[in-house]
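Heads up: the structure comes next, in structure tokens.
2 protein chains.
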Amino acid sequence: MNARAEAGERSANAPPAPTFSPLYRQIKALLLSRLQAGEWRPGEAIPSEVELAARLKVSQGTVRKAVDELAQENHLVRRQGKGTFVATHAEERTQYRFLRLMPDDDGAAGRLWRRLLECRRVRVGAEVARALGLRVGDAAVQIRRLLLTPGEPAQPVVLDEIWLPGALFKGLSAEKLANWRGPMYGLFESEFDVRMVRAEERLRAVAAGADEAPLLGVAEGAPLLLVERLSYTYGQRPVELRRGLYRTEQFHYRNELT
Amino acid sequence: MNARAEAGERSANAPPAPTFSPLYRQIKALLLSRLQAGEWRPGEAIPSEVELAARLKVSQGTVRKAVDELAQENHLVRRQGKGTFVATHAEERTQYRFLRLMPDDDGAAGRLWRRLLECRRVRVGAEVARALGLRVGDAAVQIRRLLLTPGEPAQPVVLDEIWLPGALFKGLSAEKLANWRGPMYGLFESEFDVRMVRAEERLRAVAAGADEAPLLGVAEGAPLLLVERLSYTYGQRPVELRRGLYRTEQFHYRNELT
DNA sequence: GAGTGGTCTAGACCACACT
DNA sequence: GTGTGGTCTAGACCACTCC
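For the record, the sequence lines run as chains A and B. Letter by letter, the first sequence follows residues 153 to 410 of the working numbering. Letter by letter, the second sequence follows residues 153 to 410 of the working numbering.
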């Protein structure tokens with residue numbers, strides 16, 4: 153594809169084009185579609201700005217603006233002197249990008265331990281189906297796990313329940329999950345080619361139910377923070393539903409408003 | 153000040169300057185300091201890019217990059233064909249910028265009604281003093297209010313408790329608050345020259361206490377979402393502490409993760 | 001038409017990383 | 001040294017707003 157040609161069409165048309173978009177946005181869209189197609193893997197470098205500019209027959213400044221926006225949106229990571237890389241959840245820098253839970257005292261946040269409770273294939277009900285864009289009865293992987301404070305005695309902090317579309321996560325098993333070191337989203341990237349690019353969360357306060365209370369070590373009826381997360385991959389496609397119950401006596405959910 | 157001269161010094165020094173910062177960041181800092189000094193009021197236009205470029209003896213592109221970042225950080229608002237304006241909380245577009253509470257069903261969010269419960273001058277205790285950077289015993293304004301669903305019967309949704317440094321909010325009274333239409337932060341801008349620039353929130357689930365439960369129309373011990381907000385003005389200076397208790401049966405706290 | 005921000009270009013030079 | 005991203009410039013032209 154030649155982005156410049158498209159730009160030419162744009163300006164050539166007499167009436168104000170209804171779908172006008174500047175050249176750098178066309179290039180941004182092109183790069184996004186290549187990322188979506190998996191042309192470069194997470195952590196890999198994309199071609200340099202000068203090379204992209206030469207190939208697309210535009211100036212380096214135009215490529216730069218496109219890449220700037222993609223970096224801003226966490227699709228790419230720029231590293232001066234080295235190149236521009238596809239963002240990944242498997243790196244120190246961006247690990248737990250989506251985790252907003254923080255210990256009250258300290259900011260550095262000693263990481264939490266994981267304990268897998270369950271991982272099985274299920275058929276989805278109406279609610280999960282709607283959220284993930286599936287049909288009722290479609291296959292899904294359901295995971296339940298605990299996050300606990302490190303050390304002894306380990307205190308449970310989070311009870312997560314996760315649903316993933318079965319079609320995308322074919323070989324996912326309890327064993328794979330248990331043996332994986334690092335963030336779960338890193339596993340999704342490397343084993344299933346699913347990259348989370350953004351997520352929406354809805355928070356509520358709820359009372360602990362009879363099922364959850366013992367797992368979290370609280371009394372039935374104790375207040376818990378319910379965090380419902382819907383994660384999206386490229387193209388606004390939802391690929392993970394997560395329902396977390398957080399104990400917030402020693403931890404809090406941190407948010408920055410700008 | 154001549155930004156260019158500073159840039160000259162920077163490059164002239166033989167050793168790598170420890171405080172190196174690119175020209176556009178110096179200009180950004182300059183503009184920020186002028187905003188902080190109140191040179192232009194919220195909603196007013198700042199000088200055009202060409203004018204700033206001429207005055208500062210830099211190219212328009214450099215000014216543009218500085219303004220771009222300030223717009224990104226919500227200090228300025230660009231309007232094509234009109235100019236660049238100082239951001240304000242008093243506008244339709246940015247009203248309730250910091251309010252993340254949403255009704256479950258609908259996205260458009262019918263706005264909530266306010267009922268002022270209390271507004272009085274107090275001396276701050278240790279906790280509030282620390283948060284606001286005051287000394288124990290310093291003066292503060294304490295506000296308590298309810299947010300309720302519109303219509304009849306009105307359902308209480310939020311119980312807010314707010315502390316403001318007394319020195320900054322000298323003439324603030326229950327009357328002023330009650331008569332004000334529009335967002336509270338708009339009142340702070342126009343009457344007290346205090347502009348909220350960013351905020352940090354900490355969320356927890358708590359049980360309704362004996363004091364709050366009747367005000368919110370819930371049973372004692374019912375789960376509530378506790379939202380503690382610390383708002384900052386220019387220069388990382390904290391100027392508001394807010395402690396909100398949210399009922400989340402029909403509403404939720406919405407957050408976007410990127 | 002005049003003035004504003006928005007896009008695009010081409011070229012120079014700087015800062016950083018690898019080799 | 002070579003190649004990468006980062007900064008800065010100067011100038012052209014486009015899109016939008018208001019008069």
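Glycine is no exception: its CB is placed at the ideal position from the N, C-alpha and C atoms.
- Residue state for Ile179/A is assigned as helix, using DSSP reduced to three classes.
- From the beta-carbon of His404/B, the residues of chain A found nearer than 7 Å are Arg354, Leu355, Arg356.
- Scanning chain B for C-beta atoms nearer than 7 Å to the C-beta of Ala239/A yields nothing, as the closest lies near 11 Å away.
- For the segment 313-345 of chain B, the beta-carbon criterion of a distance under 8 Å to any beta-carbon of chain A is satisfied by none of its residues.
- Among the bridge pairs identified by DSSP, Asn407/B is matched with Glu353/A.
- The segment 207-218 of chain A and the segment 249-257 of chain A do not touch, with fewer than 3 CB-CB distances between them shorter than 8 Å.
- At a Cβ-Cβ threshold of 7 Å, Leu316/A and Val293/A count as neighbours.
- In summary, the residues of the segment 376-391 of chain B whose CB is separated from some CB of chain A by less than 7 Å are Leu376, Leu377, in the order they occur in the chain.
- According to DSSP, residue pairing for Gly396/B in a beta bridge involves Asp312/B, Val379/B.
- From the beta-carbon of Phe250/B, the residues of chain A found nearer than 8 Å are Leu409.
- In the DSSP annotation of this structure, Ala371/A is not part of any alpha helix (DSSP H), being labelled neither H nor E.
- If you draw a straight line from the Cα of Ala197/A to the Cα of Asp363/A, it is about 47 Å long.
- Under the 10 Å beta carbon count, Lys234/A is surrounded by fewer than 16 other beta carbons and is classified as exposed.
- DSSP, read as helix, strand or coil, puts Arg389/A in strand.
- The beta carbon of Val346/A is closer than 7 Å to those of Leu320, Phe340, Thr385, Val391 in its chain, skipping five residues each way along the sequence.
- For Tyr337/B, the secondary structure class from DSSP, reduced to helix, strand or coil, is helix.
- C-alpha of Ser383/A to C-alpha of Leu324/A: approximately 18 Å in a straight line.
- Residues Glu372 of the same chain have their beta carbon placed closer than 8 Å to that of Gly361/A, with the five preceding and five following residues left out of the count.
- For Val229/A, the enclosing beta strand (DSSP E) begins and ends at 228-231.
- Excluding five sequence positions before and after Pro302/A, the CB atoms of its chain that fall closer than 8 Å to its own CB belong to Gly262, Arg263, Leu264, Trp265, given in chain order.
- Distance from the CA of Pro194/B to the CA of Val219/B, rounded to the nearest whole angstrom, comes to 16 Å.
- With its beta carbon at least 7 Å from every one in chain B, Thr236/A lies outside the interface.
- Residue pairing of Phe344/A in beta bridges, as defined by DSSP: absent, with no partner found.
- Taking a Cβ-Cβ threshold of 7 Å, none of the residues of chain A is close to Thr214/B; the smallest such distance is about 14 Å.
- In this structure, Gly338/A and Ala242/A form a Cβ contact; the two beta carbons are roughly 3 Å apart against a cut-off of 8 Å.
- DSSP places Glu270/B inside the beta strand (DSSP E), whose first and last residues are 265-275.
- Interface annotation, Arg177/B: not in contact with chain A, CB-CB separation never under 7 Å.
- Here the alpha carbons of Arg249/A and Glu191/A stand approximately 23 Å from one another.
- Using beta-carbon distances, Arg350/B counts as an interface residue toward chain A, with a partner under 7 Å.
- Within the segment 201-233 of chain A, Glu225, Asn226 place their CB atoms closer than 7 Å to a CB of chain B, listed in sequence order.
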